[in-house]
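K.L.:
To start, I am sharing the structure in question, which I have written as structure tokens.
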Amino acid sequence: MDLNKKDVIVYDGICVLCNFFLRWLLKNDIKDHFRYTTFESSFIIKNHPKINLLDSIIVITQDNKKLYKGRAVLYILKKINKLKPITYFLTIFPSKLIDFFYTIIAKTRYKIFGKYDSCPFVEKKYLKKILK
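The sequence shown runs 1 to 132 under this note's numbering.
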């Protein structure tokens, strides 16, 4: 697998909301833009040791640029090319405002959506997209 041609999405593996988004992405990433991993994965520990568990989704782009919070979500939605009305609507607002609301959701996500005791398994057909 040539990671130079894939962006990597780093997510919180025990977050129910994050895993819902992951499953949606796996089904909708038809053009295979992304690989996925958790903050605790060997891939992150080995290749990006300065990344630790944050209240943010992170996209590591092909050129090793890191996108956080709302910018990461917008980047993902644009690449997946789904939910166009929502994506367009969100681009109207300044990124600081989007990040503000992202932070509120991130800080309350366990209370509202819950969390898993451990990272749930992904369907077998998607395993090749998951970085361990």
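Backbone N, C-alpha and C define an ideal beta-carbon position, used for all residues, glycine too.
Leaving aside the five residues before and after Lys124 along the sequence, list all residues of the same chain whose C-beta is less than 8 Å from its C-beta, in chain order.
P.N.:
Nothing listed; no residue qualifies.
K.L.:
Rounded to a whole number of angstroms, what is the C-alpha to C-alpha distance between Ile76 and Lys31?
P.N.:
12 Å
K.L.:
Kindly indicate which three-state DSSP category Cys15 falls into: helix, strand or coil?
P.N.:
strand
K.L.:
When you compare only the Cα positions, how much space is there between Phe20 and Leu97?
P.N.:
In a straight line, the C-alpha of Phe20 is about 24 Å away from that of Leu97.
K.L.:
Let's see if you can read the secondary structure: which residues bound the beta strand (DSSP E) around Leu83?
P.N.:
Neither: Leu83 is in no beta strand (DSSP E) and is coded neither H nor E.
K.L.:
Would the beta-carbon of Ile44 fall within 8 Å of that of Val10?
P.N.:
yes
K.L.:
Between the C-alpha atoms of Val59 and Phe39, what's the straight-line distance to the nearest angstrom?
P.N.:
Spanning the two alpha carbons is a distance of roughly 12 Å.
K.L.:
In whole angstroms, what separates the C-alpha of Phe93 from that of Asp99?
P.N.:
10 Å
K.L.:
When the Cα atoms are used, what is the spatial distance from Asp117 to Lys84?
P.N.:
34 Å
K.L.:
Name the two residues that bound the continuous alpha helix (DSSP H) containing Leu97.
P.N.:
Here the alpha helix (DSSP H) through Leu97 covers Ser95 to Phe113.
K.L.:
Leaving out five residues on either side along the sequence, give the residues of the same chain with a beta carbon under 7 Å from the beta carbon of Tyr68.
P.N.:
Ser56 and Ile58
K.L.:
Using 8 Å as the threshold, is the C-beta distance between Ala110 and Cys15 below it?
P.N.:
It is Tyr, not Ala, that sits at residue 110 in the sequence shown. Yes, Cβ-Cβ distance for Tyr110 and Cys15 is below 8 Å.
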